[in-house]
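Participant: Sequential numbering from 429 applies to the sequence shown in the working numbering. Glycine included, every Cβ here is placed at the ideal spot set by N, Cα and C. Quantities reported herein were computed from a predicted structural model and do not represent experimental measurements.
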Amino acid sequence: MGDEKGLEAKAGELAGDHSTKGRLIEAARELFLTQGFEKTSVKDILKQAGVNSGSLYYFFPKKEDLLVAVLDEYKALLWPVVIEPAFQRVSDPIERVFEILKGYRQMLEMTGFTHGCPIGNLALEMCTRSDVVRQGIADNFEGWRLAIRRCFEEVGARLHDYVDRDKLATFVLTTMEGGVMLARSYRRIEPFDAGVDMLRRYISQLLTDPDEGVA
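Right under this line is the structure:
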């Protein structure tokens with residue numbers, strides 16, 4: 429993911445909407461990431477966005493409506509902020525998977541283990557709140573998972589035919605989310621690294637050429 433401040437700046441630039449509605453979404457996105465949904469008040473959002481309450485309620489009658497908009501924003505930012513930069517840095521499909529995971533590792537260390545995956549954070553806090561919110565969270569996970577599956581599909585014959593690329597992508601997602609959660613809980617990077625290391629070893633065993641390995 430690169431430097432967190434740079435990531436936030438890029439996300440804001442890519443969002444590109446400096447209208448009142450856009451400022452509200454970006455303010456809420458930042459606050460939900462750092463404070464969580466429940467601990468973020470409407471007053472916090474108004475102050476961060478620099479708008480009045482009338483403007484907020486015009487676009488978002490309920491705070492939950494703003495959360496749905498934030499989830500839509502994350503879906504839009506997934507490719508340009510998370511996936512594409514990793515794909516540009518490395519060309520090998522399998523290494524692209526680990527380059528994406530590396531971004532989460534960097535984020536954990538640079539924030540002192542205070543920031544996790546924003547979608548994972550919201551899933552823990554909000555999945556039982558409403559079907560609309562739950563679906564928005566699931567859609568974000570699915571977009572991430574499909575990007576990983578694309579990598580495994582592009583590997584082609586390097587992976588054995590019996591390997592289910594779809595399930596393997598789900599396994600990567602669960603490894604990332606579990607590793608992030610444990611690293612934040614322990615306040616150290618070793619649990620995340622352990623999960624990624626075992627994932628590398630496992631994928632190496634799925635290759636048709638056992639001597640090729642995963643770098």
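Please look up how many angstroms separate the CB atoms of Arg578 and Thr636, rounded, as I've assumed it's under 8 Å.
Facilitator: Between Thr636 and Arg578 the Cβ distance is about 19 Å, and since that is not below 8 Å, they are no contact.
Participant: Taking the runs of the alpha helix (DSSP H) that are 4 residues or longer, which of them lie wholly in the segment 472 to 538?
Facilitator: 481 to 487, 491 to 505, 512 to 517 and 521 to 538
Participant: Please classify Asn568 as buried or exposed, where buried requires at least 16 neighbouring CB atoms within 10 angstroms.
Facilitator: By the neighbour-count criterion, in which 16 or more other beta carbons inside 10 Å mark a residue as buried, Asn568 falls on the buried side.
Participant: Evaluate Tyr485 with the Cβ neighbour count: other Cβ atoms within 10 Å of its Cβ, from every protein chain shown; 16 or more gives buried, anything less gives exposed.
Facilitator: exposed
Participant: Do you know how far the Cα of Pro489 is from the Cα of Ser519?
Facilitator: Cα-Cα distance, rounded: 45 Å.
Participant: Could you tell me how far apart the beta carbons of Thr603 and Val583 are, in whole angstroms, since I believe they sit closer than 8 Å?
Facilitator: Between Val583 and Thr603 the Cβ distance is about 17 Å, and since that is not below 8 Å, they are no contact.
Participant: Residues in the same chain with beta-carbon distance under 7 Å from Asp478, minus the five sequence neighbours each way, listed in chain order, please.
Facilitator: Residue identity check: residue 478 is Gly in the sequence provided, not Asp. Cβ within range, chain order: Arg451.
Participant: Am I right that Met554 and Ile547 are in contact with their C-beta atoms under 8 Å? What's the rounded C-beta distance?
Facilitator: Going by Cβ atoms, the distance from Met554 to Ile547 rounds to 10 Å, so no, they are not a contact pair.
Participant: Flag this pair as yes or no: are the beta carbons of Leu494 and Ala551 separated by less than 8 Å?
Facilitator: no
Participant: Residues in its own chain within less than 8 Å of Val496 by CB, not counting five upstream and five downstream?
Facilitator: Val560, Val561 and Gly564
Participant: Do Ile617 and Leu529 come within 8 Å of each other at the CB atom, strictly closer than that value?
Facilitator: no
Participant: Report buried or exposed for Glu512, applying the criterion of at least 16 other Cβ atoms within 10 angstroms of its Cβ.
Facilitator: exposed
Participant: Which term fits Arg517, buried or exposed, when burial requires 16 or more other beta carbons within 10 angstroms of its beta carbon?
Facilitator: With fewer than 16 Cβ atoms within 10 Å of its Cβ, Arg517 is classed as exposed.
Participant: Roughly how many angstroms separate the alpha carbons of Arg524 and Phe515, rounded to a whole number?
Facilitator: 6 Å
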